[in-house]
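Residue numbers (our numbering): 1 to 220. Glycine is no exception: its CB is placed at the ideal position from the N, C-alpha and C atoms. None of the values given here were measured: they were computed from a predicted structure. Below is one structure, written out as C-alpha cells, with a few remarks after it.
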C-alpha cells in the first residue's frame, strides 16, 4: 500500500519571513562592511605613520654610520700639486668621504648632506676615487631623506691646551685632517616635533701620510 500525503502537513517560509530574513542579512552585512572599512582605514593610517617613522629612523641610522666611517680621503690639488683632504663642512652643509655606503658597495663613497627651506634634508652620493670627488657629487641628483627637517652641524677639535672645542666649520684642505667628532642637529619645521641630535666620534680622523695643520685646527 502506498503511503498517502496530506497537503496540509507541508511547512515552509512565508513571503514576509523571507523578506524579513533578507533585510536582517543586508543590515548585518552593511554593519560588518562599515566596521571592516573603519578598521582598514585606521590600519592604513597607522601603517603610514609607522612607515614614516621607520624611514626617518633608518635614514638617521645610516647617517650616523656614515659619520662613524668618515675617512680622510686624500687627493692631489692640480693647481699646486699638494696633497689635501676632502672634507667640506659648515653649519648647514657637509661633504665628506666615508667607508659606508647605503648600497653596501665596496670602496669609498662621497656624501653631501644639506637642507633646503620648505623641503627637508637631502643626501647626495657618489663613488670616491683618487681625485677630488666634488664634481661627481655635483653631477648627482640629491635625494630627500628627511622631509620637513633642517640640519645644523658642528665639528670638534682639540686646541693647544688639550681642551675640546666645537666650531661651526671645518675645511679638510686647510686643516689636512678630519675633526674628532661631528654633531648634527635635525629640527623639524613643525615646532611640535622633537629635535633629533646625532653626536658621532670619527674613528679615523688623521691621514697616515699627511700631517695635520694644527694652526688651522686651533682657529689661528
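Taken in chain order, the unbroken stretches of beta strand (DSSP E) that lie wholly in the region 159 to 196 and span 3 residues or more are 164 to 167 and 181 to 188.
Distance between residue 80 and residue 133, taken at the CA atoms: about 18 Å. Relative to the Cα of residue 92, the nearest Cα in the group 193, 174, 170 and 194 belongs to 170. Taking a cut-off of 8 Å on C-beta distances, the region 70 to 80 touches the region 117 to 137, as three or more cross pairs fall below it. Residue pairing by DSSP places residue 57 opposite no residue, since no beta bridge is assigned to it.
In the three-state scheme derived from DSSP, where H, G and I count as helix and E and B as strand, residue 22 is classed as helix.
Residue state for residue 208 is assigned as coil, using DSSP reduced to three classes.
Taking 7 Å as the cut-off, the beta carbon of residue 202 is found closer than this to the beta carbon of residue 70.
Using a Cβ distance threshold of 7 Å, residue 205 and residue 175 do not count as a contacting pair.
For residue 94, the enclosing beta strand (DSSP E) has its first and last residue at 93 to 98.
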